[in-house]
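**Student:** Residue numbers (my numbering), protein chains in the order written: chain C, 128 to 369; chain B, 128 to 369. Below: one structure in structure tokens.
There are 2 protein chains.
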Amino acid sequence: MVADDAPWTRAEFEDRLRAVGARHYHDRHPFNVRMNEGLLTVRELRRWITNRFDYQRHIPVKDALITAKFDTPALRRMWLRRIQDHDGAAEGDGGIERWLRLGEAAGLRRDTLLSGADVLPGVRLAVDGYVNFCRLHGPLEAVAASLTELNAPELMSRRIAAFEQHYTWIDPAGLAYFRARVAQGRRDSDEALPLVLDWARDRARQEKAVAALTFKCQVLWALLDAVEAAGRLDPTAHRDPA
Amino acid sequence: MVADDAPWTRAEFEDRLRAVGARHYHDRHPFNVRMNEGLLTVRELRRWITNRFDYQRHIPVKDALITAKFDTPALRRMWLRRIQDHDGAAEGDGGIERWLRLGEAAGLRRDTLLSGADVLPGVRLAVDGYVNFCRLHGPLEAVAASLTELNAPELMSRRIAAFEQHYTWIDPAGLAYFRARVAQGRRDSDEALPLVLDWARDRARQEKAVAALTFKCQVLWALLDAVEAAGRLDPTAHRDPA
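If you want it as structure tokens, here you go:
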């Protein structure tokens, strides 16, 4: 008989991590489903781009906090590359810049995006909650929370197809962020998953990793909840101002 | 009449920052003076290399914590380069690796250095104190604390000369860390000083910056105090075991 608190095998642990994404990742959120179905109005899509930018711009911050948790140059080098993916090697390069160009392609002003003025309180709370989770938890949980990257490449591929089909008012050049993330997300999760599998060898730590990934899915879900709720309050939400 | 709490001019503020280094930097510590005069025993020099390594290996950690405080890709890119200076672009590269080679050139084992087993409690407290200062304070104070780099290049140049003259039992190839830091330290302080001068425009913030730099000097001083005190307790300190 296996004790209730016996560690899961490596394969079972990985299955449980993947099951979190299958059940809780925000690809299943009604707002994301409507995005993929081409049902978002211009205003809704702009609201999402504006609010999601608050998440995007904090990715290097949480990755720097995670980098500070590692005690070897090899691990820090691995994680530093994530910061560079978003900040770029030079001005005008990197994921944050690509997101700003997505915004511009959707008719948003760069300075409005940078001001953060239109970010919803619920989005701010979700993003701050994730950054603080990474600030305050150990490396296992902070890295496990990053494993939403296991699901990101497929979401990005579907999103690119949906934008190209339904939101033709956005210049396809503006989709460069999504395109870059397909390969980056795959590489990120290929690196992070073995770390989590290696580091969580007892059941308590395995459960902490699963809980961390669940929390991260809730952050992304809460972000879309806030964006969707703002649309319901907006009397023009279902009229297309384009 | 100028009010007591009027901001210092930019030039006066810079003078006050430089005065901190002139008065409190650890180049004036008796242990460092003895190092430069060639008076350290093999055991003392090895003890210093072993203990200073605890500081070296935490530099990228505090720099990652500082990176996480910045809200623009440009500032984070600037600070990321410091992490890379110490962690290297690839395995076998970087300042931490160069310090390990200094240790090996001085007859220390790499695995002993990496274990941290011989690090003195006072050194650990000083290093943790510095890392936590950077963790808990804002960007102004964390960056101001880095301004000991204003004094580092001259200290490094004198140290290289002293090692080449007095400690000929250390292979000069082992001094690569010191050589790299002459230019790196100059570039680091050239970048950081304008940030501090720009960010601290009122007197209260200027005084916080001066206090942060003073604290950092005290960290480096306390590290040498601990190394020197261990030598006084060591009955073989003044016999040369080489």
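Glycine included, C-beta positions come from ideal geometry on N, C-alpha and C.
(1) Leaving out the 5 sequence neighbours to the left and right, which residues in its chain are closer than 7 Å to Ala-279 (chain B) when beta-carbon positions are compared?
(2) Would you tell me roughly how many angstroms separate the C-alpha atoms of Ala-300 (chain C) and Glu-334 (chain B), rounded to the nearest one?
(3) Within 10 Å of its beta-carbon, does Gly-265 (chain B) have 16 or more other beta-carbons around it, so buried, or fewer, so exposed?
(4) Give me the Cα-Cα distance between Trp-135 (chain B) and Ala-339 (chain B), rounded to the nearest whole angstrom.
(5) Please report the straight-line C-alpha distance between Met-283 (chain C) and Asp-315 (chain B), rounded to a whole angstrom.
(6) Going along chain B, which residues have a C-beta under 7 Å from Asp-214 (chain C)?
(7) For Gly-219 (chain C), count the other beta carbons within 10 Å of its own beta carbon; 16 or more makes it buried, fewer makes it exposed. Which is it?
(8) So, does the CB of Glu-218 (chain C) fall closer than 8 Å to a CB anywhere in chain B?
(9) Note down the Cα distance separating Arg-236 (chain C) from Trp-296 (chain C), rounded to an integer number of angstroms.
(10) From Glu-141 (chain C) to Met-205 (chain C), what does the alpha carbon distance come to, in whole angstroms?
(11) Strictly under 8 Å for the Cβ-Cβ distance: is Val-188 (chain C) near chain E by that measure?
(12) For Gly-165 (chain C), count neighbouring C-beta atoms within 10 Å of its own C-beta (all shown protein chains included) and say buried if the count is 16 or more, exposed if not.
(13) When you compare the CB of Glu-141 (chain B) with every CB in chain C, is at least one pair closer than 8 Å?
(14) Using a Cβ-Cβ distance under 8 Å, would Leu-267 (chain C) count as near chain B?
(15) Between B:Arg-145, B:Glu-139, B:Ala-356 and B:Thr-177, which lies nearest to Cys-344 (chain B) when the distance is taken from Cα to Cα?
(16) Out of C:Leu-274, C:Gly-358 and C:Arg-330, which one is the CA nearest neighbour of Ala-149 (chain C)?
(17) Taking C-beta pairs closer than 7 Å, name the residues in chain C that Leu-229 (chain B) reaches, listed in chain order.
(18) Which residue marks the beginning of the alpha helix (DSSP H) containing Leu-235 (chain C), and which one marks its end?
(19) Is it a yes or a no for the stretch 174–190 of chain C touching the stretch 237–257 of chain C, going by three-plus beta-carbon pairs under 8 Å?
(20) In chain order, what residues of the same chain lie with their CB nearer than 6 Å to the CB of Trp-175 (chain B), ignoring the 5 residues before and after it?
(21) Taking CB distances under 8 Å as the criterion, tell me whether Ala-191 (chain B) reaches chain C.
(22) Taking 8 Å as the threshold (beta carbon to beta carbon), is Ala-195 (chain C) in contact with chain B?
(23) Under the assumption that Asp-214 (chain B) contacts Pro-200 (chain C) (Cβ atoms under 8 Å), give the Cβ distance between them as a whole number of angstroms.
(24) Are the CB atoms of Leu-247 (chain B) and Ala-319 (chain B) nearer to each other than 8 Å?
(25) Quick one: which chain C residues come within Cβ less than 7 Å of Leu-351 (chain B)?
(26) In three-state DSSP terms, what is Lys-196 (chain B)?
(27) Please tell me whether Arg-173 (chain C) and Ala-244 (chain C) are closer than 8 Å, where the distance is taken between their beta carbons.
(28) What distance in whole Å lies between the Cβ atoms of Ala-289 (chain B) and Asn-178 (chain B), which are believed to be in contact at a cut-off of 8 Å?
(29) Measure the C-alpha to C-alpha separation of Glu-281 (chain B) and Glu-231 (chain B) and round it to an integer number of angstroms.
(30) Using the three-state DSSP reduction, which class does Ile-223 (chain B) fall into: helix, strand or coil?
(31) Under 8 Å, Cβ to Cβ, is there at least one residue of chain C near Pro-368 (chain B)?
**Tutor:** Taking the geometry as given:
(1) Arg-308 and Gly-312.
(2) 49 Å
(3) exposed
(4) 17 Å
(5) 39 Å
(6) Pro-200, Arg-203 and Arg-204
(7) exposed
(8) Answer yes: the Cβ-Cβ gap between Glu-218 (chain C) and chain B drops below 8 Å somewhere.
(9) 16 Å
(10) 21 Å
(11) No chain E is part of this structure, whose protein chains are labelled C and B.
(12) exposed
(13) no
(14) Residue-level contact by beta carbon fails for Leu-267 (chain C) and chain B, as no gap is shorter than 8 Å.
(15) B:Arg-145
(16) C:Leu-274
(17) Those do not exist, as Leu-229 (chain B) stays about 16 Å from chain C at its closest Cβ, beyond 7 Å.
(18) Careful: Leu-235 (chain C) lies outside any alpha helix (DSSP H) and carries neither H nor E.
(19) yes
(20) Val-354
(21) Answer yes: the Cβ-Cβ gap between Ala-191 (chain B) and chain C drops below 8 Å somewhere.
(22) yes
(23) The C-beta distance from Asp-214 (chain B) to Pro-200 (chain C) rounds to 4 Å, short enough to meet the 8 Å contact threshold.
(24) no
(25) Chain C residues near Leu-351 (chain B): none, gap ~24 Å exceeds 7 Å.
(26) Look at Lys-196 (chain B) here: in three-state DSSP terms it is coil, with no helix or strand label.
(27) no
(28) Actually they do not touch by this definition, with Cβ atoms about 18 Å apart.
(29) 25 Å
(30) DSSP places Ile-223 (chain B) in helix when its eight states are reduced to three.
(31) Interpretation of Pro-368 (chain B) is limited by its pLDDT of 45, a score under 50 that renders its predicted location unreliable; the figure taken from the coordinates is listed afterwards. Pro-368 (chain B) does not count as touching chain C.
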